[in-house]
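S.K.: One structure follows; several queries about it will come next.
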Amino acid sequence: MRKKNRYAITEIDSVSFFVSSGIVAIVMFVLGAVSLTAMNVEYLSETVQTPTKYSATFHAGEVISGVQNSLAGVPNLEWMFGVVVAVLILIALAVVYNNIKLSVCAIGKNIEIMKYLGACDSFIVKPFFKQGALIGVVGSAMAAGA
């Protein structure tokens with residue numbers, strides 16, 4: 535629960551951190567970032583002297599060990615994230631490739647006619663590359679939420 539005090543600082547009843555000496559306190563980090571000014575130094579000293587008004591008080595050592603324990607699995611998460619991204623890229627490439635291949639199959643008769651009339655290979659292939667690039671750009675834009 536948060537309350538306003540006379541120094542316009544958000545008082546947080548849930549969490550406060552005290553450095554091992556108990557003199558310096560880092561308080562109010564949950565939904566109320568406050569700058570340290572001359573007006574609220576008195577409030578901070580009052581907070582250090584009466585930590586019992588907070589429902590949970592954590593000492594710095596406990597917090598640091600908790601953070602270290604939670605960060606222990608980060609390399610595994612990075613590796614798994616990389617694998618997921620690689621698989622998604624392969625799936626996207628397969629979708630684009632199959633779409634182009636189906637497009638070629640759908641207009642196979644037209645390609646044969648163009649070949650009989652003397653069209654070079656690059657004249658026939660360019661529209662498919664343009665279509666693949668367009669599909670990739672549109673798919674990327676949709677994935678990005680644009």
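Just so you know, we're using this note's numbering here: the sequence shown kicks off at 535 and counts up by one.
Every residue, glycine too, gets a C-beta built ideally from N, C-alpha and C.
These numbers come from a predicted model, not from an experiment.
1. Between which two residues does the alpha helix (DSSP H) containing C654 stretch?
2. Assuming contact is defined by CB atoms lying nearer than 8 Å, are F662 and V638 in contact in what I supplied?
3. When you compare only the Cα positions, how much space is there between L636 and L627?
4. For the alpha helix (DSSP H) that contains G616, what are its first and last residues?
5. Using only the alpha-carbon positions, how far apart do V618 and I625 sit?
6. Taking Cβ positions, are G666 and I634 nearer each other than 8 Å?
7. How is G670 classed by DSSP in three states: helix, strand or coil?
8. Distance, Cα to Cα, L651 vs Y631?
9. In whole angstroms, what separates the C-alpha of E608 from that of G616?
M.R.: Quick look at the numbers:
1. First-last for C654: undefined, no H or E at that position.
2. yes
3. 14 Å
4. V608 to A640
5. 11 Å
6. yes
7. helix
8. 27 Å
9. Note that residue 608 is Val in the sequence shown here, rather than Glu. So the alpha carbons of these two residues sit roughly 12 Å apart.
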